[in-house]
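In this note's numbering, the protein residues as written are 20 to 229. The C-beta atom is built at its ideal place from N, Cα and C for all residues, glycine as well. A quick note: this is a predicted structure, and the numbers were derived from the prediction, not measured. Down below is the structure, laid out as structure tokens.
Following this line, the structure appears as structure tokens:
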């Protein structure tokens, strides 16, 4: 009897693990000449989770990871905005929950909820941040997209060769955005939409750790 129970538990666990793998979607982009690949994964299990993971090019073992981040109000609060400093020394990842930064030369990924780690705003970004009426913000920044939004299918999933300067953050360039594809239902694919096909999300590095 005990043996049957153990076998049953093992079969159940194996089945659940296989189901979780089947319900995971991921896409990878190479971070220019940094020597690292960035993989964004969405897991549609009992809930919904997202994760970013960095792997040195050619390495068998994966590198630093954000860990699984539970998405509330799923799937509408999923997505990742990708930025880089002008000199290429730091990458910034905006997921809305924490601010992640990665320094390729050190191989260090850091997460923070401290305001002092926020990048400085451009004059336009500073002006926009002081507006409190949604209609005024939309009128002055009508072309912006939202971080928490779907991406269109068929994206090239490569970084732009000449990324634009960020509209909102000083000394940063906007590279693109990861997100759930706008089609189907539960278990959608995820893709990377580069900056030359998708407008920069408004304040894509804003975060709320509450």
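Asked: Residue environment, residue 221, which counts as buried when at least 16 other CB atoms sit within 10 Å; Found: buried
Asked: DSSP beta-bridge partners of residue 100; Found: 113, 196
Asked: Residue 179 versus 173, 192, 170, 172, residue with shortest Cα-Cα distance; Found: 192
Asked: Residue 147 in three-state terms, based on DSSP; Found: helix
Asked: CB contact flag (residue 67, residue 88, <7 Å); Found: no
Asked: DSSP bridge partner residues for residue 210 (one or two, in chain order); Found: 198
Asked: contact_flag[the stretch 140 to 157, the stretch 47 to 65] where n(CB pairs < 8 Å) is 3 or more; Found: no
Asked: The alpha helix (DSSP H) enclosing residue 232, as first and last residue numbers; Found: Within the shown structure, residues of the chain are numbered from 20 to 229, placing residue 232 beyond reach of any answer.
Asked: Separation of residue 183 from residue 100, as counted between CA atoms; Found: 14 Å
Asked: Cutoff 7 Å; reference residue 117; Cβ partners in own chain excluding five residues on either side; Found: 130, 131, 132, 226, 228
Asked: Residue 216 versus 43, 50, 194, 149, residue with shortest Cα-Cα distance; Found: 194
Asked: Check: residue 152 C-beta below 6 Å from any heavy atom of the ligand PLP; Found: In terms of ligand content, the structure shown is empty, and the ligand PLP therefore cannot be addressed.
Asked: Paired residues, beta bridge with residue 67 - DSSP; Found: Paired residue(s): none; residue 67 is not in a bridge.
Asked: Cut-off 8 Å between Cβ atoms - residues of its own chain near residue 127, not counting five sequence neighbours on either side; Found: 83, 121
Asked: Distance, residue 140 Cα to residue 51 Cα; Found: 24 Å
Asked: Which listed residue (78, 219, 210) has its alpha carbon closest to that of residue 56; Found: 78
Asked: Residue 186 vs residue 119 beta-carbon contact at 7 Å; Found: no
Asked: Exposure of residue 60, with buried meaning 16 or more beta-carbon neighbours within 10 Å; Found: buried
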